[in-house]
Amino acid sequence: MWIHWDIYHWKVHLNLHPKRKQIFVLLVFRVIILFKIKVKMIKQFLKHHPVHKKLVPNLDVVFLLRPTLFFSVWVMVVMGMSSAQMYYFDHPLWISNFSWATFFVFTGITFVCSSTFILNQISDEKSDSINQKLFLVGKYIAIDKSQSISKILLIVGILILIVVNWFSAILVGIIYLIWGIIYNQPPFNWKKKPLLGWFTNTIVGVLLFTEGWSLVMQNQPMAAIIPLDISMLKLLLPYVLCFSSVSLLTTLPDMKGDSTSGDKTFPIVFGKNITLFISLAFIIIAFIIALENNDPLASTATLVSIPFFIFAFIRRMEKDILRAIRYPIFILNFFVLSVYPWLFVPLAITYYLSKYYYWHRFNLHYPTFLVEHD
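Letter by letter, the sequence shown follows residues 42 to 415 of our numbering.
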């Protein structure tokens with residue numbers, strides 16, 4: 042047997058005796074069938090074996106951190122990194138070298154943001170129960186324990202950032218102050234105020250982008266003490282508009298619970314139609330600015346995302362709103378992997394571990410790109 046590759050026609054020619062050829066084909070089919078059987082067995086084990094029901098409660102503390110929200114946090118930081126790389130350095134956008142400093146900065150950001158997510162769950166206990174959201178705080182994990190976990194995450198995250206990068210510690214500390222205290226805690230409770238709640242999420246998007254920008258700039262020989270630049274403001278606009286647009290849409294599915302609990306969120310005060318219109322306008326403006334900036338990532342991601350916002354605005358159906366929330370986040374994460382491929386590792390782990398947990402804990406397919414009636 043020998044294999045001759047025709048490089049001109051991309052064909053493989055197998056010169057075999059007819060009987061040997063038949064045996065070879067049968068062996069190939071047998072291997073394929075066995076492989077499919079093994080894969081099916083593994084999937085059946087992971088999906089239906091009763092042992093998982095006993096294991097997943099041990100992950101409650103992990104999912105108290107709301108890891109599926111990391112998709113939006115991480116991508117904004119990486120967008121800041123890629124924008125700095127694109128603007129200042131004349132070489133391909135490909136940050137493939139593994140950096141322990143970057144790893145620990147991302148770890149610190151993740152811990153501190155998780156601390157704010159726990160505070161948000163505690164303060165949203167009433168509205169989340171009305172909206173029939175999965176609620177770990179109070180039901181599976183005591184509120185006192187949740188508060189203790191939040192404090193530990195904050196302390197550990199800030200300490201990591203102080204050791205690795207003092208400027209990152211300052212930025213992330215401001216994120217905690219805004220997202221954790223001002224957004225969730227009295228006497229502020231900005232999340233219950235239509236414009237201030239939206240403004241808070243937008244400012245956090247700016248800070249996350251700034252964090253990514255500073256990570257690239259501070260490692261350069263001519264970097265300033267504060268590694269920022271006025272040119273960053275123009276480059277961050279498309280990404281912050283996208284972040285702000287999606288964060289505005291996330292308030293729509295929660296309108297029932299927010300209204301019952303007395304929260305004055307943006308769509309409750311200004312209406313569903315205006316909320317959808319502003320989200321669509323922001324994503325279109327983001328696309329135009331990205332073109333002006335010659336930013337291939339932002340322009341491509343926003344262009345691909347615009348149809349979902351148009352459908353949501355025209356039809357005003359909940360399934361279209363959910364698509365306009367989920368798909369743009371995935372699209373931006375997908376495209377950014379061409380710049381920072383190491384991001385794939387935490388994204389994949391978070392996605393599949395979350396699917397495993399939510400299926401065996403709550404019989405729920407989540408996270409998923411499938412929206413009801415798809």
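Where is the CB? At the ideal position from N, CA and C, for every residue including glycine.
Which of helix, strand or coil DSSP assigns to residue i
| i | result |
| --- | --- |
| V72 | helix |
| D299 | helix |
| L278 | helix |
| R357 | coil |
| H89 | helix |
| N99 | helix |
| S137 | coil |
| L289 | helix |
| L321 | helix |
| N314 | helix |
| F65 | helix |
| V412 | coil |
| P308 | helix |
Status (buried if at least 16 other CB within 10 Å, exposed otherwise) for residue i
| i | result |
| --- | --- |
| V287 | buried |
| T409 | exposed |
| S395 | buried |
| L249 | buried |
| G312 | exposed |
| K186 | exposed |
| I324 | buried |
| I372 | buried |
| A342 | buried |
| Q85 | exposed |
| E252 | buried |
| W141 | exposed |
| D47 | Confidence at D47 is low in this model, with a pLDDT of 46, below 50, so its placement is unreliable and no value can be given for it. |
| Y398 | buried |
| L195 | buried |
| G246 | buried |
| W220 | buried |
Residue i versus residue j - alpha carbon distance
| i | j | result |
| --- | --- | --- |
| L67 | K81 | 21 Å |
| S124 | L274 | 11 Å |
| Q432 | L75 | The first residue shown for the chain is 42 and the last is 415, placing residue 432 beyond what the model contains. |
| L212 | P337 | 27 Å |
| S164 | N225 | 6 Å |
| V119 | Q63 | 52 Å |
| I347 | I355 | 12 Å |
| M117 | Y393 | 21 Å |
| L55 | L378 | Confidence at L55 is low in this model, with a pLDDT of 48, below 50, so its placement is unreliable and the value that follows should be read with caution. C-alpha separation (whole angstroms): 38 Å. |
| F385 | L363 | 23 Å |
| P91 | V97 | 11 Å |
| I203 | F145 | 10 Å |
| L317 | P235 | 14 Å |
Please specify which runs of the alpha helix (DSSP H), each continuous and at least 4 residues long, are wholly inside the segment 146–193, giving them in chain order.
166–171
Alpha helix (DSSP H) runs contained entirely in the segment 104–134, provided each spans 4 or more residues:
111–129
Within the segment 330–406, note down every full alpha helix (DSSP H) run reaching 4 residues or more, in order along the chain.
337–356, 359–377, 385–403
Contiguous alpha helix (DSSP H) assignments of at least 4 residues, all confined to the segment 216–274
235–258
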